[in-house]
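Protein chains in written order, with numbering that gives the first Met the number 0: chain A, 0 to 242; chain B, 0 to 242.
Number of protein chains: 2
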Amino acid sequence: MAQQIAVERRMRLSRDRVLRAAVSLADEVGIGQLSMRRLAQELDVVPMALYKHVANKEELLDGMVEVIVGEIDPAAGGTDWKSAVRLRVLSARRVLQHHKWARQVLETRTKQTPAVLEYMDSFIGMFLAGGVSVDLTHHVMHAIGSRMWGFTQELFDSPAIPDGEAQAEVPPGVQAVRFQQMSVLYPNILQIATAARHDDDSVVGHGCDDQFEFEFTLDLLLDGFERLHSQAWTSKHAGPERG
Amino acid sequence: MAQQIAVERRMRLSRDRVLRAAVSLADEVGIGQLSMRRLAQELDVVPMALYKHVANKEELLDGMVEVIVGEIDPAAGGTDWKSAVRLRVLSARRVLQHHKWARQVLETRTKQTPAVLEYMDSFIGMFLAGGVSVDLTHHVMHAIGSRMWGFTQELFDSPAIPDGEAQAEVPPGVQAVRFQQMSVLYPNILQIATAARHDDDSVVGHGCDDQFEFEFTLDLLLDGFERLHSQAWTSKHAGPERG
DNA sequence: ACACTAAGGTGTACGGCGTACACCTGTCAA
DNA sequence: TTGACAGGTGTACGCCGTACACCTTAGTGT
Numbered sequence: 000m001a002q003q004i005a006v007e008r009r010m011r012l013s014r015d016r017v018l019r020a021a022v023s024l025a026d027e028v029g030i031g032q033l034s035m036r037r038l039a040q041e042l043d044v045v046p047m048a049l050y051k052h053v054a055n056k057e058e059l060l061d062g063m064v065e066v067i068v069g070e071i072d073p074a075a076g077g078t079d080w081k082s083a084v085r086l087r088v089l090s091a092r093r094v095l096q097h098h099k100w101a102r103q104v105l106e107t108r109t110k111q112t113p114a115v116l117e118y119m120d121s122f123i124g125m126f127l128a129g130g131v132s133v134d135l136t137h138h139v140m141h142a143i144g145s146r147m148w149g150f151t152q153e154l155f156d157s158p159a160i161p162d163g164e165a166q167a168e169v170p171p172g173v174q175a176v177r178f179q180q181m182s183v184l185y186p187n188i189l190q191i192a193t194a195a196r197h198d199d200d201s202v203v204g205h206g207c208d209d210q211f212e213f214e215f216t217l218d219l220l221l222d223g224f225e226r227l228h229s230q231a232w233t234s235k236h237a238g239p240e241r242g
Numbered sequence: 000m001a002q003q004i005a006v007e008r009r010m011r012l013s014r015d016r017v018l019r020a021a022v023s024l025a026d027e028v029g030i031g032q033l034s035m036r037r038l039a040q041e042l043d044v045v046p047m048a049l050y051k052h053v054a055n056k057e058e059l060l061d062g063m064v065e066v067i068v069g070e071i072d073p074a075a076g077g078t079d080w081k082s083a084v085r086l087r088v089l090s091a092r093r094v095l096q097h098h099k100w101a102r103q104v105l106e107t108r109t110k111q112t113p114a115v116l117e118y119m120d121s122f123i124g125m126f127l128a129g130g131v132s133v134d135l136t137h138h139v140m141h142a143i144g145s146r147m148w149g150f151t152q153e154l155f156d157s158p159a160i161p162d163g164e165a166q167a168e169v170p171p172g173v174q175a176v177r178f179q180q181m182s183v184l185y186p187n188i189l190q191i192a193t194a195a196r197h198d199d200d201s202v203v204g205h206g207c208d209d210q211f212e213f214e215f216t217l218d219l220l221l222d223g224f225e226r227l228h229s230q231a232w233t234s235k236h237a238g239p240e241r242g
């Protein structure tokens, strides 16, 4: 009987419910107004209750990113890589537009969460499946990633596999296990990462020539501008390349 | 005599000293650790003293941006627009790399401060002086700006001239005066902005077709990727366009 | 039916934040 | 010398994230 009454009671909290509530609260009031206290209030719960489901606010934000990354359409099959990538990026953009706080949060994220890794892996997969070389795909990811998204940016700069521990603490063999896991979960990321570092000691090491990546994209854009300019391109008539 | 002792005393505060101290504190300890209280401590002063020189923390951050934008090299004269732009962007990048907090702060800035406007004006000037059309320059600024910088992004979306006031409050004729001021201070920005909106009612209005700008850049990149791919480009041998 | 256990929710408290407001103090012009 | 005003101070308020000890509830094995 007391259990019948319980039906009337507040639904039980869950990590998922917390994250979704956080996303819609941020949608409504902006990320600046999203506090643990306010979120708790929205869920009709005392602030500390949230900490049974997320470790702290950082993890909450990570979780929110996971939620919205999940809203991006999966890769479209059956077309050339270019159209597939185009569609996907536009879908991602739609999501980011809907959650206006996302760009800002993305910029500050440092941890690689599963949904993000999976998204990137599948993104890379579109190029590789289309026959684009691993080398070019690598640079392309830098160009697309850091400019459109912000959160690809650090993938190759810092270890892709989270290892907050100092290297000294990593037991021998653990690297190998992680490598194994990566190769199953995110084969494409691994391919890109290892190709980039094949003459380096570490496996998924710190690095990439940042300056090179930056100039790669810069020159790609500048060359594009120049081409349009020399064609007397005009926005009136068409998009790039069709002028 | 008491004045002789004053020589030994703490130097007087000034807006400039506050801003510079804030920049170097952020450089040292990161933006997350930059608080009014900590900054005051660094300046050997009580927290509230800072408020005699900056209105609030937002304005402090705006001021910090002003400071570092001032560190970007001026436009190089005597070369083609492409090289000039290239040099300038790389200079800007150097500055952003030196102040690691800058990207993040830039993303959250909403106000258009003079140094930023001046930088953009002169940036636009490089294209126009090189003979690039106003139309193309407009789109180019969107492409370069929002992707490399983040803070060009909103220039054409929100009014370039700060008007926190609701439109109703703006006395008639004030718009005209501002327009006049703009045309003197930032002629190039004005040119771009007005060209973009010549068939609209407002002068420096809200707008631009966001979606168009986004796809413009996306396609520019994708077309670039495709071209490199079809050339079997490789990072081993050269940068873009030289493969 | 009951006691046990772990997971989930609570209450209190602490140190930090930005900043409003009233107040002193030192400097300089008249 | 005086008076005004810019610049520095002290106190206080209401937010924030979250540590820690506690209580409640739901689900289990007997």
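All C-beta atoms, glycine included, are put in the ideal place defined by N, C-alpha and C.
These numbers come from a predicted model, not from an experiment.
Length of the line joining the Cα atoms of residue i and residue j
i, j, result
"A/His97", "A/Glu106", "17 Å"
"A/Ser182", "A/Val28", "41 Å"
"B/Gly62", "A/Gln32", "24 Å"
"A/Gly223", "A/Thr233", "14 Å"
"B/Pro46", "A/Arg37", "28 Å"
"B/Trp100", "B/Asp26", "7 Å"
"B/Leu49", "B/Val94", "26 Å"
"B/Leu86", "A/Glu225", "16 Å"
"A/Glu41", "B/Ala39", "36 Å"
"A/Arg14", "B/Leu59", "37 Å"
"B/Gln180", "B/Val68", "22 Å"
"A/Glu57", "A/Ser34", "11 Å"
"A/Val88", "A/His52", "32 Å"
"A/Arg146", "A/Leu189", "Residue confidence is low: A/Arg146 scores 43 on pLDDT, short of 50, so the model does not pin down where it sits. No coordinate-derived value is stated."
"A/Thr109", "B/Gly76", "40 Å"
"B/Met125", "B/Glu212", "20 Å"
"B/Leu220", "A/His138", "12 Å"
"B/Arg11", "B/Glu70", "24 Å"
"A/Gln210", "B/Leu184", "34 Å"
"A/Ala142", "B/Ala142", "13 Å"
Short CB-CB distance (under 8 Å) between residue i and chain A
i, result
"B/His97", "no"
"B/Lys110", "no"
"B/Glu106", "yes"
"B/Trp100", "no"
"B/Arg87", "no"
"B/Lys81", "yes"
"B/Leu42", "no"
"B/Arg92", "yes"
Span of the alpha helix (DSSP H) around residue i
i, result
"A/Arg19", "14-28"
"B/Ala91", "80-97"
"A/Pro73", "Segment: none, A/Pro73 is in no alpha helix (DSSP H) and carries neither H nor E."
"B/His137", "133-143"
"B/Thr326", "Since the first residue shown for chain B is 0 and the last is 242, residue 326 of chain B is missing from the structure and cannot be characterised."
"B/Met125", "113-128"
"B/Met10", "Note, B/Met10: premise wrong, no alpha helix (DSSP H); not H, not E."
"A/Gly223", "209-229"
"A/Ser234", "Per DSSP, A/Ser234 belongs to no alpha helix (DSSP H) and is neither H nor E."
Neighbour flag for residue i against chain B, beta carbons, 8 Å
i, result
"A/Thr78", "no"
"A/Glu58", "no"
"A/Ala54", "no"
"A/Ala142", "yes"
"A/Phe224", "yes"
"A/Thr193", "no"
"A/Ser234", "yes"
"A/Val131", "yes"
"A/Gln190", "no"
"A/Gln103", "yes"
Cut-off 6 Å between Cβ atoms - residues of its own chain near residue i, not counting five sequence neighbours on either side
i, result
"B/Val22", "Met63, Val66"
"B/Asp72", "Ser90"
"B/Leu135", "none"
"B/Lys235", "none"
"B/Arg16", "none"
Residues of its chain near residue i, where Cβ-Cβ distance is below 8 Å and the 5 sequence neighbours each way are ignored
i, result
"A/Trp148", "Summary for A/Trp148: the model assigns pLDDT 45, below 50, so the residue's position carries little reliability; its value from the coordinates is reported in the next sentence. Closer than 8 Å at Cβ, skipping near neighbours: Ala91, Leu105."
"A/Ser121", "Pro73, Ala74, Asn187"
"B/Val176", "none"
"A/Ile30", "Trp100, Gln103, Val104"
Proximity test, residue i beta-carbon vs the ligand NAP heavy atom, cut-off 7 Å
i, result
"B/Gly129", "Within the structure as shown, the ligand NAP is missing, as the structure has no ligands at all."
Cβ-based neighbour list, residue i, same chain, cut-off 7 Å, excluding 5 preceding and 5 following
i, result
"B/Ser229", "none"
"B/Thr112", "Asp61, Val64, Glu65"
"B/Asp208", "none"
Check your understanding: Would you say the region 213-233 of chain A touches the region 110-119 of chain B, given that touching needs at least three Cβ pairs under 8 Å?
Key -> Segments in contact, no.
**Study point:** At least three beta-carbon pairs within less than 8 Å, the region 125-134 of chain A to the region 66-82 of chain A
**Key:** They touch, by the three-pair rule.
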